[in-house]
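Notes follow once the structure below has been shown.
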Amino acid sequence: MSIWAGSQDAPGSELCRGPELNTDDAGDRPTGSIRTQVLMARTGKWTMVVLSQVRERKMRFSELRRDLPGISQKTLTSTLRQLERNGFVTRTAFATIPPRVDYEVTGLGLELLEVTDLVVAFGDRHRDDIENSQKRFDDRSEDGPDGLDTPS
353 MSIWAGSQDA
363 PGSELCRGPE
373 LNTDDAGDRP
383 TGSIRTQVLM
393 ARTGKWTMVV
403 LSQVRERKMR
413 FSELRRDLPG
423 ISQKTLTSTL
433 RQLERNGFVT
443 RTAFATIPPR
453 VDYEVTGLGL
463 ELLEVTDLVV
473 AFGDRHRDDI
483 ENSQKRFDDR
493 SEDGPDGLDT
503 PS
């Protein structure tokens, strides 16, 4: 069954046209249907990477920073807040010196990771096909590095 079956988010609806992909007045919370919000949550560059890190065990913020050297503190904080808001992780703060905060994946987060595992497996199975297609696309035109005509 399609994820769009019986949905107002079906192709041709606001999801595909874009109006639901807005944020609230503060600019930090997506508006629109839950389906749209979940799709948006999965599209963050670091969302699935961070979620995957807490898959096996609780992790402290500092451990996540150490294990993900390419992510800024601001981006990690924002990603974790969004994951917590959507119910994919829980955050437990301890009143210690220095402060300690643990993050743990929820059942909902584990279910989302199952879907991600399918996408990763698809990529692994079709790596050669995808790379060959990219090479054909890039080689198709002398006009630009991405295979498209470049404006003059």
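Using the numbering used here, you'd call the opening residue of the sequence shown number 353 and step up by one each time.
Yeah, the Cβ is synthetic: ideal placement off N, Cα and C, and Gly gets one too.
1) Look at the alpha carbon of S430 and the alpha carbon of I449, and state the distance between them as a whole number of angstroms.
2) Around the Cβ of L462, are there at least 16 other Cβ atoms within 10 angstroms (buried) or fewer (exposed)?
3) Quick test of your reading: T468 and E456, contact by CB under 8 Å. State the CB separation rounded to the nearest angstrom.
4) Taking the beta carbon of L470 as the centre, do at least 16 other beta carbons fall within 10 Å, making it buried, or is it exposed?
5) Report back the beta-carbon spacing between V303 and L428 to the nearest angstrom; my notes put them in contact at under 8 Å.
6) Is the beta carbon of N454 less than 8 Å from the beta carbon of R407?
Let's see:
1) 23 Å
2) exposed
3) Actually they are not in contact, since the Cβ atoms of T468 and E456 sit about 17 Å apart, beyond 8 Å.
4) exposed
5) Past the edges of the chain, shown from 353 to 504, lies residue 303, and the structure says nothing about it.
6) Per the sequence shown, residue 454 should be read as Asp rather than Asn. No. Outside cutoff.
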